[in-house]
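Below: the structure, in structure tokens.
There are 2 protein chains.
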Amino acid sequence: MSDIGIKELARIAGVSTASVSRALSNPERVSKKMRDKVQAAAKRVGYQPNRLGASLRTSRSGNIVAIIPDISDTFNSGVIQSLERAAAERGYSVLFGDTQGIRERELVYGAMVRSRQADGIMVFSHRLPFTAEELQSENFKLPPLVNSCELADSPHIDTSNLPWVSIDNVQAGKDAVTHLIELGHQNIAVITGDIDSPSTLQRLEGYRQALHAAGIPYREENIFQGAYTLEAGVRITKQVLLAKHRPSAIFCMSDEMAMGCIATLKEHGFGVPEDISVVGFDDIRFAQYLSPPLTTIAQPVEAIGRTCANILIDLIEDVAEPESKHILPHKLVVRASTAAHK
Amino acid sequence: MSDIGIKELARIAGVSTASVSRALSNPERVSKKMRDKVQAAAKRVGYQPNRLGASLRTSRSGNIVAIIPDISDTFNSGVIQSLERAAAERGYSVLFGDTQGIRERELVYGAMVRSRQADGIMVFSHRLPFTAEELQSENFKLPPLVNSCELADSPHIDTSNLPWVSIDNVQAGKDAVTHLIELGHQNIAVITGDIDSPSTLQRLEGYRQALHAAGIPYREENIFQGAYTLEAGVRITKQVLLAKHRPSAIFCMSDEMAMGCIATLKEHGFGVPEDISVVGFDDIRFAQYLSPPLTTIAQPVEAIGRTCANILIDLIEDVAEPESKHILPHKLVVRASTAAHK
DNA sequence: TCTATATTGGAAAACGTTTACCATTAGTGT
DNA sequence: ACACTAATGGTAAACGTTTTCCAATATAGA
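Protein sequence lines correspond, in order, to chains B and P.
So for the first sequence, my numbering puts the first residue at 1; every next one is plus one.
So for the second sequence, my numbering puts the first residue at 1001; every next one is plus one.
Spelled out as structure tokens, the structure:
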């Protein structure tokens, strides 16, 4: 395999290294004759360029790093899948960093563009992968970076100016809750995601707006603080059932939570939707196969991943304005987990 | 940020570049005084070594590439998560390649070690990411590579000698089916995974063995060829219901399939497990929250990912024998989706 | 104190590319 | 055939590290 470099190949083809490089990386900058000669030789000896050498020279690694709190979350893995595909189409590979929310690990991945292992950062967590110290340093320059939905404010930098792609979480939350209201529910609990996540805050705002629009009083005890996990759905649902004024409907801020929620409701003998309606969020591909099939807000997973990749790469290649924001469309999908209040 | 290199840092610290390199990368090879001086200077100016330079020199990228057919599959994403974590612990990053089973893309990722973007390959698909041509070339050298469960034979190379990590799929299949037999089921259907996947073939062999051990005749029409997806579970289950001698139990070779299977059974009015028992495979984290909670074979997801990472890295760093094989323990988890035959 | 040895630090080459700059050749119009 | 321009190809420097030598210095033994 392998061990032959551009010099050796140049010798074999009887041309200079410059010509080899051009013929392979910029074929149009070279005559057809040269191109053919070099490509033939390359093929013959099985030449494979060393990307490290090229990267060093061009200071372009061709990698982007994706910082994700939890890849095993179904919504995340869907986004990552389409991110990766879109990146690949443009010649980029994705280095992926599952951080489990551990600060230390975020920082490691955040440092990768400074160490030239990556050209840009895709942030799916709620904070920037840089230390306060770094952010404050006057010669700190933010690398190409886009965030998806979740980036919270930082005391040191105005994150609202960073490029992002997201759905309209406020409207989506409102849509979910409005659906319940239209079914006649008045006493609606909400199980939130991680309370420091902007998406949670926004969806909660949507909940508020829906209630307000319907003239239903907002009651603090209907807000149950959770996290975007199945287990949280299970745990918090038990608390919901303990409530003095038991709600007739629950808005779960993720489908995984809704799954845990429904399982728990059934376990305690509550019928869904006969006794309690449940609406989820995300429309993961399991949603329609739950029993009952889940009413939920569908996020455009594929489009989110693809858009993230494209904006980030545009940024890296300097063809995007640095503050591009993309709001993608969501959709309420009504299935069988919600029904009219009786 | 950043733009200062080792030369400049050496000048600032008043030492040579060699000393800087040693002080940072091999601190023990240098006096304490030197170490402190260099590290202090590095910190002061915010020096961050350029990994590309280092990689080029050492021809070690510090990356491994993971080739996965489908990251959004829950089992896969779990394995990848633990793979990534274990790799990170040893200082490696993972470049991840979701191929969707597309040959072209497998080849792209397979080429990454030749182009020095990665030091080793983790294969989760059923074929090697190299062309027949490459494999046959006499100067082809297999890069560090480990496969997990799924690698099929290749006409050009003896894949059985490659390092792998897996559970004992034959035994696991046998365990699942034996459980059904012990519940009194005689007419047991199986919905397989992708038929070209060794794990499917092995689990099927387990099915056969279980039947044989119980003296139950093996009937070809009880084998339903599927794929490891939710949708396949749905689609094939309909076929199962059409069978002349309708089975009283179904063994699904993945939990996602079982999910689709159960949803379909219920949709058609069959009770699980009253009418038909279902056993899955994987024990993804949703399994216990399905209704009914799923009886399944638990795979040690975390251990699989971790072991894969460690073997591969051992291979890269030359500390593993090149044919190491690891069989990890599985476990039958009995829940409510299986019941005695009546 | 002096020599023999161990430790430490430095100069420079190497890793495999790309590309700026220049020299050469081919192409065009007269 | 000639001058002028355009196209093409080559030489060599650069990218930022690590590491091989070797020289210098510290350490120890006598």
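We treat Cβ as the ideally placed atom computed from N, Cα and C, and that holds for glycine.
Burial state of residue i, where buried means 16 or more other Cβ atoms lie within 10 Å
{"i": "B/T58", "result": "exposed"}
{"i": "P/A1054", "result": "buried"}
{"i": "B/H330", "result": "buried"}
{"i": "B/Q299", "result": "buried"}
{"i": "B/E134", "result": "buried"}
{"i": "B/L242", "result": "exposed"}
{"i": "B/P129", "result": "buried"}
{"i": "B/P185", "result": "Just to set this straight, residue 185 of chain B is His in the shown sequence, not Pro. Answer is buried; the Cβ neighbour count reaches 16."}
{"i": "P/Y1228", "result": "buried"}
{"i": "P/I1327", "result": "exposed"}
{"i": "B/G233", "result": "buried"}
{"i": "B/R116", "result": "buried"}
{"i": "B/R219", "result": "exposed"}
{"i": "P/V1319", "result": "exposed"}
{"i": "P/V1190", "result": "buried"}
{"i": "P/S1031", "result": "exposed"}
{"i": "P/R1051", "result": "buried"}
{"i": "B/A132", "result": "exposed"}
{"i": "B/G215", "result": "exposed"}
Alpha-carbon to alpha-carbon, residue j and residue i
{"i": "P/V1113", "j": "B/Y47", "result": "13 Å"}
{"i": "B/A339", "j": "B/V333", "result": "13 Å"}
{"i": "B/A42", "j": "B/G14", "result": "12 Å"}
{"i": "P/Y1109", "j": "P/V1065", "result": "7 Å"}
{"i": "P/T1074", "j": "P/I1284", "result": "7 Å"}
{"i": "B/G91", "j": "P/S1019", "result": "37 Å"}
{"i": "B/G280", "j": "B/A172", "result": "11 Å"}
{"i": "B/S337", "j": "B/N139", "result": "53 Å"}
{"i": "P/I1121", "j": "B/G305", "result": "25 Å"}
{"i": "B/M1", "j": "P/K1141", "result": "Because the pLDDT at B/M1 is just 43, under 50, the model does not fix this residue reliably, and the value given afterwards should be weighed accordingly. Each residue's Cα considered, the two are about 6 Å apart."}
{"i": "P/S1277", "j": "P/L1180", "result": "8 Å"}
{"i": "B/G271", "j": "B/C261", "result": "12 Å"}
{"i": "B/R60", "j": "B/G97", "result": "20 Å"}
{"i": "B/G343", "j": "B/Q81", "result": "This structure gives no information on residue 343 of chain B, because the portion of chain B shown stretches from 1 to 342."}
{"i": "B/D275", "j": "P/S1324", "result": "56 Å"}
{"i": "P/H1245", "j": "B/Y207", "result": "52 Å"}
{"i": "B/Q202", "j": "B/H341", "result": "26 Å"}
{"i": "B/R35", "j": "B/K7", "result": "16 Å"}
{"i": "P/R1335", "j": "P/H1126", "result": "31 Å"}
{"i": "P/P1069", "j": "P/N1076", "result": "9 Å"}
{"i": "P/K1266", "j": "P/L1230", "result": "15 Å"}
{"i": "P/A1118", "j": "P/L1095", "result": "8 Å"}
{"i": "B/E290", "j": "P/A1213", "result": "The amino acid at residue 290 of chain B is misidentified as Glu; the sequence shows Leu. Roughly 36 Å between the two C-alpha positions."}
{"i": "B/D175", "j": "B/L211", "result": "11 Å"}
{"i": "P/P1049", "j": "B/V45", "result": "34 Å"}
Run of the alpha helix (DSSP H) containing residue i, from where it starts to where it stops
{"i": "B/L242", "result": "L230 to L242"}
{"i": "P/A1132", "result": "A1132 to Q1136"}
{"i": "P/R1208", "result": "P1198 to A1214"}
{"i": "B/A18", "result": "T17 to S25"}
{"i": "B/V38", "result": "K32 to V45"}
Residue i, enclosing beta strand (DSSP E) - first and last residue
{"i": "B/I304", "result": "Premise fails: B/I304 lies in the alpha helix (DSSP H), V301 to I316, not in any beta strand (DSSP E)."}
{"i": "B/I4", "result": "Premise fails: B/I4 is in no beta strand (DSSP E) and is neither H nor E."}
{"i": "B/K325", "result": "K325 to L328"}
{"i": "B/K331", "result": "K331 to V333"}
{"i": "B/M346", "result": "As shown, chain B starts at 1 and ends at 342. That puts residue 346 of chain B outside it, with no answer to give."}
{"i": "P/A1249", "result": "A1249 to C1252"}
inquiry  = Restricting to runs no shorter than 3 residues, where is the beta strand (DSSP E) found entirely within the segment 268-299 of chain B?
reply    = Runs of the beta strand (DSSP E) inside the segment 268-299 of chain B: 277-282 and 295-298.
task = Kindly provide the ranges of any alpha helix (DSSP H) runs that are 4 or more residues long and lie completely inside the segment 53-117 of chain B, ordered along the chain.
result = The segment 53-117 of chain B contains these whole alpha helix (DSSP H) runs: 74-89 and 103-110.
request  = At 3 residues or longer, and completely inside the segment 140-196 of chain B: list those beta strand (DSSP E) runs for me, N to C.
outcome  = Segments of the beta strand (DSSP E) lying fully in the segment 140-196 of chain B: 145-148, 164-167 and 188-191.
message = Below 8 Å, how does it come out for the segment 1133-1152 of chain P and the segment 1164-1171 of chain P: are there three or more Cβ pairs, yes or no?
response = A contact exists between the segment 1133-1152 of chain P and the segment 1164-1171 of chain P.
ask   = Does the segment 1244-1263 of chain P come within contact of the segment 1291-1301 of chain P, defined as at least 3 CB pairs closer than 8 Å?
value = Between the segment 1244-1263 of chain P and the segment 1291-1301 of chain P there are three or more C-beta pairs closer than 8 Å, enough to call the two in contact.
request  = Could you say if the segment 73-86 of chain B and the segment 1091-1109 of chain P meet the contact criterion of at least three C-beta pairs nearer than 8 Å?
outcome  = Result yes; three or more Cβ-Cβ pairs closer than 8 Å.
task = Mind the definition here: the segment 1309-1317 of chain P touches the segment 304-321 of chain B only if three or more C-beta pairs lie below 8 Å; say whether that holds.
result = When Cβ pairs closer than 8 Å are counted between the two stretches, the segment 1309-1317 of chain P is seen not to touch the segment 304-321 of chain B, the count staying below three.
query = Within the chosen definition, does the segment 1195-1202 of chain P reach the segment 1232-1251 of chain P through at least 3 CB pairs nearer than 8 Å?
reply = Verdict: no, contact absent.
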